[in-house]
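Here's the structure, in structure tokens; my notes come after.
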Amino acid sequence: MPAHGPQRRAATLFEDADATLLDLVDNILTKGVVIDAEVVLGLAGVDLVYVRLSALVSAVDKLRRVFT
Amino acid sequence: MSPLYLYAVLGAVPSADAGAGLAGEPLRLLRCGEVLAAAGEMSEAPAIAPDTLRAHDAVVRRLAETTDAVLPARFGMIARDEAALCTRLTQAASSLREALARVAGREQMILRVFRDPAPSRSVSPPSADVAAGAAAGPGARYLAERASARRAAAEVPELGALRPVLDRFVTAERVDRHDAPPLVASVYHLLARGEAAAYTEAVEHAAADLHDVRITVSGPWVPYAFAPDALE
Numbered sequence: 001m002p003a004h005g006p007q008r009r010a011a012t013l014f015e016d017a018d019a020t021l022l023d024l025v026d027n028i029l030t031k032g033v034v035i036d037a038e039v040v041l042g043l044a045g046v047d048l049v050y051v052r053l054s055a056l057v058s059a060v061d062k063l064r065r066v067f068t
Numbered sequence: 069m070s071p072l073y074l075y076a077v078l079g080a081v082p083s084a085d086a087g088a089g090l091a092g093e094p095l096r097l098l099r100c101g102e103v104l105a106a107a108g109e110m111s112e113a114p115a116i117a118p119d120t121l122r123a124h125d126a127v128v129r130r131l132a133e134t135t136d137a138v139l140p141a142r143f144g145m146i147a148r149d150e151a152a153l154c155t156r157l158t159q160a161a162s163s164l165r166e167a168l169a170r171v172a173g174r175e176q177m178i179l180r181v182f183r184d185p186a187p188s189r190s191v192s193p194p195s196a197d198v199a200a201g202a203a204a205g206p207g208a209r210y211l212a213e214r215a216s217a218r219r220a221a222a223e224v225p226e227l228g229a230l231r232p233v234l235d236r237f238v239t240a241e242r243v244d245r246h247d248a249p250p251l252v253a254s255v256y257h258l259l260a261r262g263e264a265a266a267y268t269e270a271v272e273h274a275a276a277d278l279h280d281v282r283i284t285v286s287g288p289w290v291p292y293a294f295a296p297d298a299l300e
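Residue numbers (our numbering), protein chains in the order written: chain A, 1 to 68; chain B, 69 to 300.
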């Protein structure tokens, strides 16, 4: 099923994302002063940040095992 | 009256011109009662994209270079005009002041804590709170479970061996636990500005001795994670 709304935007954002961008997304889209609760990105997008971070570290770990 | 895009709440007027906002608009400093805000006129919030996220962060970092206490705004915070923005910030003045005092002269680091999922997961016995709540009514049970969940989320047993190192630097900590293995927690630390390199070296050195836990360090960041959770 195709994703819509915030989830789709987040999926697009995370294509080719590196760890620095993911840290930036974590900081800027999920933290900081909020003046309008309706603007906040949906929970699906927030979860995706952490799933992508986990996938990144797993990939790095596998490479490390191959080359060391 | 133009809509205003909020970049940050400041503890004091910046010592130098902070330049333009993410769309090239001039930055405005707004005094809302006891709260000072940095904002730019913008007809609508920018699209979420890597470039706009980096530009937002660059503006906030520039502000942090010219003033001691900065609370960054979350991306996309737009108010219909100056009166609406000031009303919102004035309502939250006390929690903003408290947070500004906490972050003054400090910056944020992020630790990501990774642990490979165990092949079999042991089931923890219920905490004393939950056990006591089970004998009570549904309201007490709910409160006991909430208290137990809050405490579990704030604990990072994986960092136990690093505590002597962390205690040398960290002035405040916030923890998000995750259900996205191998990532188990994100830990946000406040430390004095200028100590990021020493903190990173000390943490990486100590973390090298850990067996089943991996830790990555990122920063320094402007203290996004130490803004008030919700403005009353």
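A virtual CB, placed ideally from N, CA and C, is assigned to each residue, including glycine. As the structure is a prediction and not an experimental result, all values here were calculated from the model.
Exposure of residue i, with buried meaning 16 or more beta-carbon neighbours within 10 Å
i	result
B:Pro232	exposed
B:Ser83	exposed
B:Glu272	exposed
A:Ala59	exposed
B:Leu153	buried
B:Arg261	exposed
A:Thr30	buried
B:Val81	exposed
B:Asp235	exposed
A:Arg52	buried
B:His279	exposed
Anticipated Cβ contact below 8 Å, residue i with residue j, distance rounded
i	j	result
B:Ala91	B:Pro114	7 Å
A:Ser85	B:Pro71	Chain A is shown from 1 up to 68; residue 85 of chain A falls before or after that span and cannot be answered.
B:Arg170	B:Leu259	That pair is no contact at about 12 Å.
B:Met24	A:Asp23	Absent from the model: residue 24 of chain B. The displayed extent of chain B is 69 to 300, so no value can be given.
B:Ala167	B:Ala266	In fact, because the Cβ distance is near 25 Å, the residues do not count as touching under 8 Å.
B:Ala264	B:Pro288	4 Å
Contact under 7 Å by Cβ, residue i with residue j
i	j	result
B:Val128	B:Pro140	yes
B:Gly108	B:Tyr73	yes
A:Gly32	B:Tyr292	yes
B:Val243	B:Ala229	no
B:Asp184	B:Met69	no
B:Val138	B:Ala132	yes
B:Leu285	B:Leu179	At residue 285 of chain B the sequence reads Val, which differs from the Leu that was named. Yes, these two residues count as a Cβ contact at 7 Å.
B:Phe182	B:Arg245	no
B:Thr134	B:Ala86	yes
B:Leu104	B:Leu78	yes
B:Arg142	A:Val34	yes
Threshold first: 4 residues or longer. Then list the alpha helix (DSSP H) segments lying entirely within the region 130-198 of chain B, N to C. 150-159, 161-171
Output the residue ranges of the beta strand (DSSP E) runs that lie fully inside the region 221-285 of chain B and measure 3 residues or longer, sorted by chain position. Segments of the beta strand (DSSP E) lying fully in the region 221-285 of chain B: 240-248, 251-260.
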